[in-house]
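For the protein sequence lines, the chains are A and B, in the order given.
For the first sequence, position 52 matches number 290 in this note's numbering, and the numbering has no gaps at all.
For the second sequence, position 70 matches number 308 in this note's numbering, and the numbering has no gaps at all.
Backbone N, C-alpha and C fix where the C-beta goes; we use that ideal spot for every residue, glycine too.
Take a look at the structure set out below.
2 protein chains.
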Amino acid sequence: MSDLLERLRGRGWRLTSQRRVVAEVLDGDHVHLTADEVHARAAARLPEISRATVYNTLGELVALGEVLEVATDGRARRYDPNAHRAHQHLVCSGCGAIRDVHPHGDPLAALPAAERLGFTVTAAEVTYRGLCPDCRP
Amino acid sequence: MSDLLERLRGRGWRLTSQRRVVAEVLDGDHVHLTADEVHARAAARLPEISRATVYNTLGELVALGEVLEVATDGRARRYDPNAHRAHQHLVCSGCGAIRDVHPHGDPLAALPAAERLGFTVTAAEVTYRGLCPDCRP
DNA sequence: TGTTGACTTGGACAAAGTCCAAGTTAGGAT
DNA sequence: ATCCTAACTTGGACTTTGTCCAAGTCAACA
Chain A
239 MSDLLERLRG
249 RGWRLTSQRR
259 VVAEVLDGDH
269 VHLTADEVHA
279 RAAARLPEIS
289 RATVYNTLGE
299 LVALGEVLEV
309 ATDGRARRYD
319 PNAHRAHQHL
329 VCSGCGAIRD
339 VHPHGDPLAA
349 LPAAERLGFT
359 VTAAEVTYRG
369 LCPDCRP
Chain B
239 MSDLLERLRG
249 RGWRLTSQRR
259 VVAEVLDGDH
269 VHLTADEVHA
279 RAAARLPEIS
289 RATVYNTLGE
299 LVALGEVLEV
309 ATDGRARRYD
319 PNAHRAHQHL
329 VCSGCGAIRD
339 VHPHGDPLAA
349 LPAAERLGFT
359 VTAAEVTYRG
369 LCPDCRP
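Spelled out as structure tokens, the structure:
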């Protein structure tokens, strides 16, 4: 994630302690935190960080293409730092756990031209749903 | 949609004017209204209907499997009455328009067992994104 | 080590959804 | 027909999630 910070500095970002902490919190695999969760974890390291700054920073990271916004449930948006490797999400209907998965083939290919209704289609997001081993009856 | 009301009555639903109006508002193809939109349209016919009742009724319809909840953006949930024919969604990144589409093949088939991480996977929701003819530059 | 524009802050506000006590009513029982 | 009652609806308070802004702070360049 430190290479991320360098990349952003190269793009003219001012490297503040707040942004550094937010980037650090988002490091790792299978990370899909809500903005409030990011704020809580960031505040553990930098107590005076404000919610507004977390929202601002997440929005900027998304706009720069460094973080993905995922809407797996109609509730809070979640932020996924794994923006540079194509993947989809597998969500447990019991506990809400979210894992990154890699289906084979390009999901876009399944949509025939006749079904595209004149749209220029550029992306496909897939959410697989089921029960994780811990939630299975 | 009147057959829906009959089906629900058979399941022990009390058929109130509020529920009737909500079901009527949700009739049609490519309908993906938010709860507030449903409330506004229902209130046009039945002015005293409350937001709480709309939320209750939508929740019940979803629990009964008669309506789908879709989360295509991180904002309000949308309600899709087309629950009995498998389909996916195509969303315009410009204006937010949502259309029902029918990719070929079963999206579930693209996820190999090794990628299922021990989950029992039962569904796949696909959101295609792009620009509709009106929003294309 | 000063300066300055970019960044951060806290709080007010807005949007989306939940919950509850009190009032109303659909539909079976009489 | 009309009564009864559990089921349903209501309005409002409350929570969660997200946005906006004026005032204060600070990173990075000179």
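The stretch 243-263 of chain B and the stretch 296-312 of chain B touch, with three or more beta-carbon pairs separated by less than 8 angstroms.
At the C-beta level, threonine 295 of chain A and arginine 257 of chain A come within 8 angstroms of one another. Under a 10 Å Cβ-count criterion, aspartate 318 of chain A is classified as buried, with 16 or more other Cβ atoms of the shown protein chains found around its own Cβ. By the neighbour-count criterion, in which a residue is buried when 16 or more other Cβ atoms sit within 10 angstroms of its Cβ, glycine 368 of chain A is buried.
Counted as a single uninterrupted DSSP element, the beta strand (DSSP E) harbouring glutamate 307 of chain A occupies residues 306-308.
In this structure, valine 263 of chain B lies away from arginine 252 of chain B, with their beta-carbon atoms at least 8 angstroms apart.
It is roughly 6 angstroms from the alpha-carbon of isoleucine 336 of chain A to the alpha-carbon of histidine 327 of chain A. Residues of chain A with a Cβ closer than 7 angstroms to the Cβ of threonine 360 of chain B are, in chain order, Arg367, Gly368.
Any Cβ of chain B closer than 8 angstroms to the Cβ of aspartate 265 of chain A would place that residue at the interface, and such an atom is absent. Taking a C-beta distance under 8 angstroms as the contact criterion, aspartate 267 of chain A and aspartate 338 of chain A qualify as a contact pair.
Annotated as distal: histidine 325 of chain A and histidine 342 of chain A, with beta-carbon spacing of 8 angstroms or more. Alanine 261 of chain B counts as buried, since no fewer than 16 other beta carbons sit within 10 angstroms of its beta carbon. Spanning the alpha carbons of leucine 346 of chain A and cysteine 330 of chain B requires a straight line of approximately 15 angstroms.
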